[in-house]
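Numbering (the working numbering), first residue to last: 73 to 366.
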């Protein structure tokens, strides 16, 4: 039994040595084939992601304080909602002294300076086509924000809602009892019911839609009159805006100097005509005098 155990032990040692040798050979092959460690791979990936996407804007001092204090306040007040937690942190920020806020403000300032450097480096890598695309995307974002602000302003000013279509009226009446568990499924089932509905049944909702148009027209008229009183004529529709009176076109003023010149020219012309008349009349008088002497 002893020789058999020795043989098995030697076999296990050989197997282990073979595994070690295979591992070392793999490392050697990876070294010569150019496979880099994970640290270098992550760095290369980070650089490529930085080149493909712009750097993120830094947070201000208040947002840095919120991120720092949010887990602390949540741990001390687990029953409070997220909105109330933010309000509590905002109240703390308002009661802080300038010296207490200074570390967060300084960190924000340093991050802003680093952002400028990173952004300039990122802009230098872009092609003219990419720069043009960025400008177009920025314009679209600004237009979208402007539209959202205008919509909020109109809601605050109480602009009437647009008239509903017959299908919208039908959907609002039967949405709760529609088939389906999700909103999309319910809308799909209501659309199928609307398509299968008879013509005389749809006429009821068509009449309701016409009445809604009349409601919208009357409400818009009174609302636009109120906007004119407030001095917000820019919110009124173009077709209902009062026509602007055109200013009368003034005749061009005549220059005084030209009149004087014309008068002078006329006087000179009359003087010349008188002198020519005198010269033509003088020869016959001489002839008459000569005949009397003889």
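Note that CB positions come from ideal geometry on N, CA and C, so glycine has one too.
Judged by pairs of C-beta atoms under 8 Å, the region 219 to 235 touches the region 284 to 301, as three or more such pairs exist.
For residue 183, the closest alpha carbon among the candidates 242, 264, 283, 136 is that of 136. Around the Cβ of residue 226, a 10 Å sphere holds fewer than 16 other Cβ atoms; the residue is exposed. In the same chain as residue 173, and ignoring 5 residues on each side of it, the C-beta atoms closer than 8 Å to its own belong to 133, 137, 165, in chain order. Here residue 220 is not near residue 280, since their CB atoms are 9 Å or more apart. When the beta-carbon positions are compared, residue 250 and residue 262 come within less than 9 Å of each other. Taking the C-beta atoms as reference points, residue 195 is found nearer than 9 Å to residue 203.
The alpha-carbon separation between residue 274 and residue 160 amounts to approximately 54 Å. Counting along the chain, residue 292 sits inside the alpha helix (DSSP H) bounded by residues 271 to 302.
Assignment of residue 242 by DSSP, reduced to helix, strand and coil, places it in the helix class.
Rounded to whole angstroms, the gap between the alpha carbons of residue 265 and residue 255 is 15 Å.
At least 9 Å separates the beta-carbon of residue 313 from that of residue 301. Rounded to whole angstroms, the separation of the alpha carbons of residue 205 and residue 199 is 10 Å. Bounds of any alpha helix (DSSP H) do not take in residue 306, whose DSSP letter is neither H nor E.
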